[in-house]
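Protein chains in written order, with the working numbering: chain A, 4 to 116; chain B, 4 to 117.
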């Protein structure tokens with residue numbers, strides 16, 4: 004079982020502020036890192052799949068970076084809006100676990116007007 | 004495309020009862036997964052399948068069984084339900100098993116065992 008940790012567990016952000024949070028994972032046997040956005044009472048939706056050290060992905064106001072050598076990824080939300088309120092999950096795929104994702108517990112983001 | 008669909012949305016079981024959670028995908032994905040989500044614990048893999056007729060255990064398979072007779076369907080069977088199986092269950096599918104492609108999730112089934 005791979006140890007995928009996300010921090011903080013939750014955070015509150017004022018509308019318009021930017022924020023970021025971390026996904027940490029074992030750097031050995033890295034294959035891919037997934038980010039998912041999970042709104043309450045809905046199913047997780049994919050944001051990014053990152054595979055290369057130094058990868059940067061962007062989708063609207065949300066972006067992510069990846070450092071496979073030190074085993075972490077950051078997710079950034081620029082100019083947070085109430086609709087960004089959700090739990091953000093990262094999931095690691097290792098070379099010896101083909102396609103099976105090990106999910107972190109998530110970071111819950113609450114954006115208040 | 005409907006994507007990944009799951010039925011039922013909610014279910015209450017008594018201890019010792021059995022039930023089958025249904026999952027269907029219309030994206031012609033070979034790879035399908037069952038997860039359970041417990042509060043504060045993220046998603047844990049129960050079983051997965053790489054194609055019709057082929058299934059394997061994930062991290063928490065005890066108390067569950069699966070079958071995969073077609074590409075589209077991947078039902079999860081609970082035998083002798085226990086309170087520890089109270090959870091939200093998600094089915095997912097993906098284009099490949101190599102982890103470079105996103106997984107598509109169904110809407111979930113909320114199960115309570117009393």
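Just so it is clear, CB atoms sit at the ideal spot from N, CA and C, and this is done for glycine as well.
Within-8 Å CB hit, residue i to chain B
i, result
"residue 104 of chain A", "yes"
"residue 125 of chain A", "Outside the displayed span of chain A (4 to 116) sits residue 125 of chain A, for which this structure offers no information."
"residue 80 of chain A", "no"
"residue 92 of chain A", "yes"
"residue 4 of chain A", "yes"
Reduced DSSP category for residue i - H, G, I as helix; E, B as strand; rest coil
i, result
"residue 70 of chain B", "coil"
"residue 87 of chain A", "helix"
"residue 88 of chain B", "helix"
"residue 73 of chain A", "coil"
"residue 62 of chain A", "strand"
"residue 31 of chain A", "coil"
Min CB distance residue i to chain A below 8 Å
i, result
"residue 105 of chain B", "yes"
"residue 90 of chain B", "no"
"residue 97 of chain B", "yes"
"residue 93 of chain B", "yes"
"residue 128 of chain B", "As displayed, chain B neither begins before 4 nor continues past 117, which places residue 128 of chain B out of reach and without an answer."
Check whether residue i and residue j have beta carbons under 8 Å apart
i, j, result
"residue 27 of chain A", "residue 8 of chain A", "yes"
"residue 65 of chain B", "residue 82 of chain B", "no"
"residue 66 of chain A", "residue 75 of chain A", "no"
"residue 112 of chain A", "residue 94 of chain A", "no"
Cross-chain neighbours of residue i in chain A, by beta carbon under 8 Å
i, result
"residue 110 of chain B", "45 and 46"
"residue 77 of chain B", "Per Cβ cutoff of 8 Å: no residues; residue 77 of chain B is ~14 Å from chain A at best."
"residue 34 of chain B", "102"
"residue 61 of chain B", "103"
Interface partners of residue i on chain B, CB under 8 Å
i, result
"residue 109 of chain A", "45"
Under 7 Å from the C-beta of residue i: neighbouring residues of chain B
i, result
"residue 96 of chain A", "102"
Within chain B, the residues that residue i reaches when beta carbons sit closer than 9 Å
i, result
"residue 37 of chain A", "102, 105 and 106"
Which of the residues in the region 40-59 of chain B, read from start to end, lie with their CB under 7 Å from any CB of chain A? Taking 7 Å as the cut-off between beta carbons, the residues of the region 40-59 of chain B near chain A are 43, 44, 45, 46, 48 and 51, in sequence order.
For the region 44-60 of chain A, which residues have a CB atom closer than 9 Å to at least one CB atom of chain B, in sequence order? Residues of the region 44-60 of chain A with a C-beta atom less than 9 Å from some C-beta of chain B are 44, 45, 46, 47, 48, 49, 50, 51, 52 and 54, listed in chain order.
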